[in-house]
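I have placed the structure first, in the form of structure tokens, so that the comments after it can refer back to it.
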Amino acid sequence: MILTLNDKKKIFNRIKNCWDINDLDLIRLKYLGKNGYIVKEIKKLKKMSLKEKKNFGSFINDLKKKIIFCIKKQKQALNILKLKKKIHTNYVDVSLSTIYHHNDKGSIHIITKSINKMKSFFYRLGFSLFIGPEIEDQYYNFESLNIPFNHPSRNKNDTFWINSSKLLRTQTSSMQVRIMEKYSPPIKVIIPGKVYRKDSSSRHSPMFHQLEGFIVDKNVSFSNLKWIIYEFLKDFFKKKISIRFRNSYFPFTVPSFEIDILDKNLKWLEILGCGMIHPKILKNAKIDTEIYSGFAFGIGVERMIMLKYNLTNIKFFFKNHLSFLKQF
Amino acid sequence: MKVSMLWLKSWFCLKTIKNDQICNQLTKIGLEVESLLVEDKKICDYILVGKIVSISSFLFNDNVMNIFKIFLGHNKIVTIIDKNKNNFLNLGLKVAVAIEKALIKNNIKIKKKKIGNFFSEGIFCSYIHLNLLGNFKKIIIFPKYFKSGLKVTKIFNSSKKNCTIVLNITHNRNDCLSIIGIAREICSFNNIFLKKINFFSIIPKIKNNLNYFIESSKLCKNYLGRFIKNVNTSINTPFWMLEKLRLCNIQSINIIYDIINYVSIELNQSFHIFSLNEIKKNILIRFSKINEKFCLNDKKDILIKKKILVISNKKKILSLGNGFITSKKSSINKFINSIYIGIGEFNKKEIDKVNLKYYKYNKGFDNNSRFIDKNLQNYSLEYASKLILDLCGGIPSTIKYVNKEKNIFKKITVFHKCFYKILGFNLKISIFLTILKKLSYKIFCINKKFFKVSPPTFRYDISLQEDVISDFLRIYDINTIKLIPLKNKLIISKKNKKFNNLNKLKYIFSNLGYSEVINYSFINNKWKNFFFPNRKPIRVINPISKDFLFMRNSLWNNLLKNIIYNKNRQEKTIKIFEIGDCFFKKNCFSPNFHQKTFFSGAIFGLLKQKTFFSKKKIFNFYSLKKDLEKLLKIFLEDITCLIWKNSVIQGLCCSNSAKIYLNKTKIGHLGMLDFKIQNFLNLKFPVFLFELFLDNLVVNKNKLYRSHSPFFPTIERDISLLVSKNFLVNKLCIICKNFSKKIYNVYIFDIYQGKKIPKNKKSVSIKIIFKSFKKTLKDLEIDLIIKNFLKFLNKDYAIKLRKQ
């Protein structure tokens, strides 16, 4: 039986109007399956004459190819449609936030951060870093630093004592002589750490952090010290600041200076003490004062941070309120 | 140190200078001005001078109340009822009185009050009430020549403003604990002259016949003494002197002490005064002996330690140090009419020693660590005697000199090269010398290499050439000194391994969501025994408060405090850590301290809050262990040798605690806080804590890296095993891993107890991943391995495959 053009059109229309992938599969089976229409027609070929075979065979083949092509096309169209549907159903509200609280993130304490920042500045200048013990021998904390036995600054009101010879260090300078005894000049050292003083107010805390630095070398002078301090403060505050050098007195430096910074309220605030190392201390460490000289400076870390971020109370640092810690 | 600005200004002639400028100059020179207090002179008109006319008392609520009738001029009398028994308020005294409608400090208005059957119509005013400088709680007493009813504002409202400079004077500048010392500094800075002192001496009427004995010349040099008989000590201190002392923050005691304080602060001296009768003709300056007693002002005997500087008569100690802590009998009161004044150059070290130990007993004098100036010693004694004679009358004796020393000038050689060494540049010597002259140095031989100077007599602190240069820099403007970059000699900085490791740990942990905290290194008495009984905490001898009594022996105590603090501030998820030193002793009696660095952390509260994509979940043991393992993996790079052992740790819940070992050395603890402590601290959720000993945490550097191998696919097999309940599951993993070389990795994906499982067993499901570095494995090989593995388990550990 030869298909009419109409029949052909019907088949293709059926395929084109099928919008379900399962239905399409059924149609495919009906025409192209094992017992489908095309196979049946091909089986008829056996009984036909050679001429008929030629005509009918090419016709059937043609039809088969067209049906396959048509089904494939329809299938593709259906797939695209399906994907489009899927995309629409999987729509996501991108505006929703998954962070419900600032608590998700961790933080490093601002004191640690600032010490690291200071450290990286001094590393660039070739300083080395040392850490010292917090319970110190009184010799290193006082006597080696030219603070004799009855000196007023050894007063019990300023120092925490553990027993008659051990105390909680009142300054990181206590490492000075320890390092000078161990190494020979040139020495360039910074010592960050906790120090303890018996003092408590909005500007003073019984424990605070200090960064001590000192150099012992040939030809180091006050002008070098001044340069280092200026560069350091510029590096730390990252903005223009007015600094004032002021004469002062520490038993372990001569001449001694204190450095003030002008704050927002136009008040001078003391932030660090410095000076040329006292010849007695160099002699204590058996360093020849004729050849070598040195300078030292001690930076109050909390003071610097308070100035930079405009904080008013030193106790914020040790209350450890999470929302305070995480803002830096 | 507080100093009156007007008094200071009277010592030099600088009319144009402003108060602020003086302050700035002083700060520059090295006498740091902490603040400039300016007196507020708005005193209310209703505060008047009143004369006490009568005093009586009555009982009210078991308290004795005093009724004072006060005459205010123009026949006006008011009644004041005062609870405090002011012994010094005598009849006829003139005091400051605030009557009705008066405004005092903090805008408090005075109102009529009924106490018992009487009306109180005002109060007595102290300096604090009127916002006057000096801040004394004492009631203001006026001299008798002031008229009753006079407005107080007229008395204090002079044309000049009263100012007080608050100075912070360093230990070396003893000479600036006085008006003259500070004035001298201002003069040398401004290049002007100090007011000239007119030296004089009064004519003595009796001979000083006392015997003096000074133990050694090191104790005291240049001692001068004199007595004055027939002194009227009961009169009141004149108002002008009181005012001057008030602005220097010195309280009035009685006329004699006030005069001595007045001269001391003006001329930088430290006198001692005793009652002449107590001396009994002998004055000894000596060291104390063993077990000597000293009778203080307040009926208390104190034992004096050996070798303390004292002044005594033949039997008793009169005073400690250079005379500022006097005994009860030797001090002056209004019944004593002959006094002794002494002044000497005492050894500074000995005075410091007394100051350190006994300063708390000092009540009379203002500041006695002063060092006297030899040049003014004689003059100040004469000046003080003259004031006493003028105000109280009396018969002065001659002055006796003991241990007089010749004036020897200290000579210091200053080398030119030292200049260059300290300053870093060359300076004209002439500039240097002019400044030194301003500072009243004497200059000797100047030559090309060096010159010699001798410091003024009042500068005891200058002994080295560096001191001289330092003194020069005070006046020379240091802010103009050039900046010279440091010559870098290419020293490569040595990085500190420990510090770097600490930093590394901190950054890893903060990235895991933890916040670093820093706490005080102290703990209080209550909390010290929560954890680690074998770490005996170290006690601080002089703590600042009870919370700071012990040094911390673990970081956990303070972390718990932080958790409570944050919990009370509505933080829901708390993850914190701290790195710091802990201090402890192995036992109570050992003298050795251990200082070790610890790394501790704590978690508390909600792991996840309820959101649109997650459920609410609280922290458990594994949330902390997960983070810790992550950290150790990053830090150590190899965690195969880590062992977690379940063990009992004090303060932790025994079922949820572990010790951590790395190659057989203990590196830390981990666990859940004991329920008892949790309840004690009133915490709703469990707290998980950990602690690592940083000194034991050694990074293994000799790790061998495997060379790159060709890729072969992995094959996975899941099996479920029935294991006895107490069996440690991690052990199973280790057994499995060690069973065959082809087993690449093993992990547990499920542990189940309940239905279908025998009661004393649990089901453990493990995933085994096979991989060979030589070839692609086949199913047959893997089946064989698993078969053998199961046989081995059954034989050695009695572990069977779970049947469904």
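As they're listed, the protein sequences go chains A and B. Numbering-wise, the first sequence is residues 0 to 327 according to numbering that gives the first Met the number 0. Numbering-wise, the second sequence is residues 0 to 803 according to numbering that gives the first Met the number 0. For every residue, glycine included, the Cβ atom is placed at its ideal position computed from N, Cα and C.
Q | Simplified DSSP assignment, three categories, for V722/B | A | Residue mapping note: residue 722/B aligns to position 723 of the second sequence, counting from 1. Per DSSP, reduced to three states, the secondary structure at V722/B is strand.
Q: Check each candidate in S762/B, L792/B, M550/B and name the one with the smallest Cα separation from I540/B.
A: Taking the first residue of the second sequence as position 1, residue 540/B is located at position 541. I540/B has its Cα closest to that of M550/B, out of S762/B, L792/B, M550/B.
Q) By DSSP, does P191/A sit in helix, in strand, or in coil? A) In the first sequence, residue 191/A corresponds to position 192, counting from 1. P191/A carries a strand assignment under DSSP once its states are collapsed to helix, strand and coil.
**Q.** Cross-chain neighbours of P205/A in chain B, by beta carbon under 7 Å
**A.** As a first step, residue 205/A is located in the first sequence; it is residue number 206 there, counting from the start. Chain-order list of chain B residues neighbouring P205/A: Y519, I543, F547, by C-beta distance under 7 Å.
Q: Would you please verify whether the beta carbon of Y308/A is less than 9 Å from any beta carbon of chain B?
A: Translated into the one-based positions of the first sequence, residue 308/A becomes position 309. Y308/A has a beta carbon lying at 9 Å or more from every beta carbon in chain B.
Q) Is S247/A close to chain B, meaning its C-beta is less than 9 Å from at least one C-beta of that chain? A) For the purposes of this step, residue 247/A is taken as the residue at position 248 of the first sequence. Residue-level contact check: S247/A touches chain B, since one or more beta carbons of chain B fall below 9 Å from its beta carbon.
Q: Pull up the distance between the alpha-carbon of I14/A and that of I37/A, whole angstroms please.
A: Residue mapping note: residue 14/A aligns to position 15 of the first sequence, counting from 1. Residue mapping note: residue 37/A aligns to position 38 of the first sequence, counting from 1. The alpha-carbon atoms of I14/A and I37/A are separated by roughly 15 Å.
**Q.** Proximity to N161/B [Cα-Cα], best of L132/B, K93/B, V262/B
**A.** To locate residue 161/B, count along the second sequence from 1; it is residue 162. Minimum Cα-Cα distance from N161/B among the listed residues L132/B, K93/B, V262/B corresponds to L132/B.
**Q.** Inter-residue Cα distance where the pair is S34/B and N695/B
**A.** Counted from its first residue, the second sequence places residue 34/B at position 35. Counted from its first residue, the second sequence places residue 695/B at position 696. The C-alpha of S34/B lies about 52 Å from the C-alpha of N695/B.
(Q) DSSP three-state label for H108/A, please. (A) Here residue 108/A corresponds to residue number 109 of the first sequence, with the count starting at 1. Taken through DSSP and simplified to helix, strand or coil, H108/A comes out as coil.
Q | Within chain A, partners of P484/B - CB distance below 7 Å | A | Walking along the second sequence from the start, residue 484/B turns up at place 485. Neighbours of P484/B in chain A, taken as residues at a C-beta separation under 7 Å, are given in chain order as W226.
Q. Hey, quick one: how far does the alpha helix (DSSP H) through E465/B stretch, first residue to last?
A. For the purposes of this step, residue 465/B is taken as the residue at position 466 of the second sequence. For E465/B, the enclosing alpha helix (DSSP H) starts and ends at 464–474.
Q | DSSP beta-bridge partners of L300/B | A | Against the second sequence, residue 300/B aligns to sequence position 301. Reading off the sequence shown, one finds Asp at residue 300/B, where the question assumed Leu. Under DSSP, D300/B takes part in a beta bridge, and its partners are C294/B.
Q: State the DSSP-derived secondary structure class of G667/B, mapped to helix, strand or coil.
A: One-based indexing of the second sequence puts residue 667/B at position 668. In the structure shown, G667/B adopts extended strand secondary structure according to DSSP, grouped into three states.
Q: Taking 9 Å as the cut-off, decide whether the C-beta atoms of I543/B and I562/B are in contact.
A: Working through the second sequence from its first residue, we reach residue 543/B at position 544. Working through the second sequence from its first residue, we reach residue 562/B at position 563. 9 Å or more divides the Cβ of I543/B from the Cβ of I562/B.
Q) So which residues of chain A does L438/B contact, with C-beta pairs closer than 8 Å? A) As a first step, residue 438/B is located in the second sequence; it is residue number 439 there, counting from the start. Here the premise fails: no neighbours, minimum Cβ distance about 13 Å.
(Q) Please state the DSSP three-state secondary structure of Y746/B. (A) The residue labelled residue 746/B in the question sits at position 747 within the second sequence. Strand.
Q: Note down the Cα distance separating N552/B from V745/B, rounded to an integer number of angstroms.
A: As a working note, residue 552/B is residue 553 in the second sequence. As a working note, residue 745/B is residue 746 in the second sequence. Taking the Cα positions, N552/B is about 40 Å away from V745/B.
Q. Quick one: Cα of P536/B to Cα of K584/B, how far?
A. Counting from one through the second sequence, the residue named residue 536/B turns up at place 537. Counting from one through the second sequence, the residue named residue 584/B turns up at place 585. For P536/B and K584/B, the distance between alpha carbons rounds to 6 Å.
Q: Would you list the one or two residues that DSSP bridges to G293/A?
A: Within the first sequence, numbered from 1, the residue matching residue 293/A stands at position 294. According to DSSP, residue pairing for G293/A in a beta bridge involves V215/A.
Q. Given that a residue counts as buried once 16 or more other Cβ atoms are within 10 Å of its Cβ, and exposed if not, what is A328/A?
A. Here chain A comprises residues numbered 0 to 327, so residue 328/A is not present and cannot be evaluated.
Q: Run through the region 506–586 of chain B for me and flag every whole beta strand (DSSP E) of 3 or more residues, listed as ranges in chain order.
A: Counting only runs of 3 or more, we get 572–583.
Q: Residues of the region 760–778 of chain B with a CB closer than 8 Å to any CB of chain A: list them in chain order, please.
A: Residues passing the 8 Å Cβ filter: none.
Q | Close beta carbons around F286/B, own chain, < 8 Å, minus the five adjacent residues each side | A | For this step, residue 286/B is matched to residue 287 along the second sequence. Cβ within range, chain order: E214, L218, K305, K306, I307, L308, V309.
Q. By DSSP, does E404/B sit in helix, in strand, or in coil?
A. Residue 404/B sits at position 405 when you count from the first residue of the second sequence. In this structure, E404/B counts as coil in the three-state DSSP scheme.
Q: Compute the distance between the beta-carbons of K243/B and Y261/B, then report whether it is under 9 Å.
A: In the second sequence, residue 243/B corresponds to position 244, counting from 1. In the second sequence, residue 261/B corresponds to position 262, counting from 1. In contact: K243/B and Y261/B (Cβ atoms closer than 9 Å).
Q: Please name the residue, chosen from F212/B, W6/B, A95/B, I196/B, that lies closest to K70/B on a Cα-to-Cα basis.
A: The residue you call residue 70/B lines up with position 71 of the second sequence. A quick correction: the sequence has Phe, not Lys, at residue 70/B. Here the closest residue by C-alpha is A95/B.
Q. Can you name, in chain order, every residue of its own chain whose Cβ lies under 7 Å from the Cβ of P712/B, other than the five neighbours on each side?
A. Position 713 of the second sequence, counted from the start, is the residue given in the question as residue 712/B. Answer for P712/B: T775, listed in chain order.
(Q) If the criterion is Cβ atoms closer than 9 Å, does the pair I301/B and Y382/B meet it? (A) As a first step, residue 301/B must be located in the second sequence, where it is residue number 302. As a first step, residue 382/B must be located in the second sequence, where it is residue number 383. Not in contact: I301/B and Y382/B (Cβ atoms no closer than 9 Å).
Q: Scan the region 591–611 of chain B for residues whose Cβ lies nearer than 8 Å to a Cβ of chain A and list them as they occur along the chain.
A: Answer in chain order: F592, Q594, Q608, T610, F611.
Q. Can you find a CB in chain A that lies within less than 9 Å of the CB of I434/B?
A. Counting from one through the second sequence, the residue named residue 434/B turns up at place 435. Residue-level contact by beta carbon fails for I434/B and chain A, as no gap is shorter than 9 Å.
(Q) Could you tell me which whole beta strand (DSSP E) segments of length 3 or greater appear in the region 334–402 of chain B? (A) Entirely contained in the region 334–402 of chain B, the beta strand (DSSP E) runs reaching 3 residues are, in chain order, 338–345, 399–401.
Q: Return the residue from the list N78/A, K83/A, L62/A, K112/A that minimises the CA-CA distance to K304/A.
A: Residue mapping note: residue 304/A aligns to position 305 of the first sequence, counting from 1. At residue 304/A the sequence reads Ile, which differs from the Lys that was named. Of N78/A, K83/A, L62/A, K112/A, the residue nearest in Cα terms is K112/A.
Q | Sequence ranges, beta strand (DSSP E) only - wholly within the region 219–302 of chain A, length at least 3 | A | Those beta strand (DSSP E) runs which fall completely within the region 219–302 of chain A and span 3+ residues are 242–249, 252–261, 267–276, 292–299.
Q) How would you list, in chain order, the residues of chain B whose beta-carbon sits under 8 Å from the beta-carbon of M275/A? A) Taking the first sequence and counting its residues from 1, one reaches residue 275/A at position 276. Within chain B, the residues near M275/A are I421, E465.
Q: At 8 Å on the CB atoms, spell out the chain B contacts of T97/A, in chain order.
A: The sequence position of residue 97/A within the first sequence is 98, counting from 1. For T97/A, the chain B residues whose C-beta falls within less than 8 Å of its own C-beta are T610, F612, listed in chain order.
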